[in-house]
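Residues 38 to 413 (my numbering) are what the sequence shown spells out, left to right. Here a beta-carbon is modelled for each residue, glycine too, at the ideal position from N, C-alpha and C. Predicted model, so just to flag it, every value in this text is computed and none were measured.
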Amino acid sequence: MATTANSKAKLPPSSPVRPNPGKASVGAIGWMRQNLFNSWFNTLLTLLIAVIVLRVVPGAVEWLIINASFGPSTSEECRVVALQDHGACWGSLWEKGRFILFGQFPYEDQWRAAIACLAITGAMIISGFRFMWRPRLIAVWAVALFLFFWMMGGGLGLPDVPTNFWNGLPLTLMLAVFGSICSFPIAVLVALGRRSSLPFIKVFCVLYVELIRGVPLITVLFMASFMFPLFLPEGVSINNLLRAQIGIILFTAAYLAEVVRGGLQAIPKGQYEAADALGLGYWKKMMLIILPQALKICIPPIVNSIISMFKDTSLVLIIGLFDILALAKASHQDPPWALYFGEFYIFVALIYFCYCFSMSKYSQWLERKLNRGNKH
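Given below as structure tokens:
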């Protein structure tokens, strides 16, 4: 009996029998069961969305594509398409597209504004390649910025164009790009200042962040445009576009500072102690050990703040600057083209979407790239 008991004890445990998943548990059907119909509430919500899509999408496709007119059209021809065919008149963009993009920039020189936009956009695309993250990237941006200001402002053989004619897409890109580039180092310094042991620096940074974050961007733009000149010495004036740019930089820096501070707080205390054990000074410790890790953690909220700032540039209309959204509104206020506001706003929405979606997808790619070493 003992031998029998011992032999039973030595028997290897039987491997568990794995159920064979049916077709309903894998593939597209399995994904739908798991994500769309996994509860009565999700099932109801899925069916409701399906009904809305079936009701809206066919009519939208007819208006956008099937009944639409795509060739160059006069306002009378567009009126026929809109009222009789019930379709979009994309031919209106042949008439108003350049105005929406470049505004009051001299018509015969709008090629310059197009080159300026391509220079900034090209520099943004080149910056996305990791092999360009070298000192040569500074040279790329230097060339892009030189081209931008040369094409927009004139000089060196080109007629001068005052900044009050810098409208549309070049204005949006300038405010967004300079707002991002200039606000980021300010945000890092303010985030470090909020964690400083020096009371004066800490209090100053806290007051700056809380004051800026406590008011909307419209208030900051009003202060920069109308109140700030009152404090300047008599005879000294600053360009309205520059004042708006400074306001956007300060506003964005306050929000980015809190994002960076959150990343700094997420770094384990052992990293600080290890850097101190190596004998690194404060700035070397921050630049070589702490900040690279903190900024990697903060990639999603940083990009989210930049995208938000890119869209918030449309608020400069309240201080007399005309971005692409303001020019789209001005286009459909022209009586012959009043019916085609949908086409104008969709055109502007696509421009915003291309830039914002590209930044979002790039941030996701960058986050995966930098986190490869953390995967087990």
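9 Å Cβ cutoff, residue i in contact with chain C
| i | result |
| --- | --- |
| L293 | The chain inventory of the structure shown lacks chain C, comprising one protein chain alone. |
Residue nearest to residue i in terms of C-alpha spacing, selected from the options
| i | options | result |
| --- | --- | --- |
| A306 | G318, W320, I326 | A small fix is needed here, since residue 306 is Lys in this sequence, not Ala. Comparing Cα positions, the closest option is I326. |
| T111 | K406, W374, Q401, S395 | W374 |
| V214 | K406, Y392, Q401 | Y392 |
| S395 | I66, M161, N75, L85 | M161 |
| I339 | E310, Y292, A363 | Y292 |
| R135 | I361, F168, W77, K321 | I361 |
| E114 | W148, R298, W131 | W131 |
| K333 | I152, V296, N72 | V296 |
| N277 | L226, V353, K322 | V353 |
| A156 | L184, Q147, R173 | L184 |
| N104 | E271, K406, V117 | V117 |
| P196 | V227, A150, P172, A228 | A150 |
| D122 | K406, E145, G96, P266 | G96 |
| W148 | F107, R173, L120, G191 | G191 |
| V385 | E271, A87, S397, W127 | W127 |
| I383 | S397, P109, K366 | K366 |
| N341 | Q370, Q401, P372 | Q401 |
| I175 | E145, D146, I218 | I218 |
7 Å CB neighbourhood of residue i in its chain, flanking five on each side removed
| i | result |
| --- | --- |
| A261 | R280, A281, I283, G284 |
| K239 | G230, R231, S233 |
| K133 | S368, W374, F381 |
| L254 | F288, D349, L352 |
| F107 | W127, G128 |
| A65 | none |
| P236 | none |
| I344 | C393, M396, S397 |
| F265 | R280 |
CB contact flag (residue i, residue j, <9 Å)
| i | j | result |
| --- | --- | --- |
| M189 | M211 | yes |
| L301 | R232 | yes |
| Y389 | S129 | no |
| I336 | E404 | yes |
| I137 | F347 | no |
| F142 | P207 | yes |
| V257 | A294 | no |
| L387 | G140 | no |
| G165 | Y319 | no |
| T80 | L91 | no |
| V225 | L85 | no |
| Y309 | K321 | no |
| C242 | V227 | yes |
| R167 | K406 | yes |
Residues near residue i in its chain [Cβ-Cβ closer than 6 Å; skip 5 each side]
| i | result |
| --- | --- |
| A331 | G300, L301, I304 |
| G124 | W100, N104, A105, V118 |
| G216 | I285, I286, T289, M346 |
| T209 | T350, D360, I361 |
| R298 | A228, R231 |
| A153 | F185, M188, M189, P207 |
| G205 | L138, F139, G140, I361, L364 |
Residues sharing a beta bridge with residue i, DSSP
| i | result |
| --- | --- |
| S234 | The partner list for S234 (beta bridge, DSSP) is empty, contrary to what the question assumes. |
| S106 | C126 |
| G192 | L195 |
Proximal residues to residue i (C-beta, below 8 Å), its chain only, five neighbours per side dropped
| i | result |
| --- | --- |
| M169 | I163, V177 |
| L269 | I275 |
| N408 | K333 |
| L193 | W187 |
| T83 | L73, F74 |
Check your understanding: Looking at C-beta atoms only, is the number of pairs between the segment 350-359 and the segment 200-218 that lie closer than 8 Å three or more?
Key -> yes
Practice item. Indicate whether the contact test is met: 3 or more Cβ pairs, each with one atom in the segment 308-319 and one in the segment 178-187, closer than 8 Å. Key: Put simply, the segment 308-319 does not touch the segment 178-187. Fewer than three CB pairs are less than 8 Å apart.
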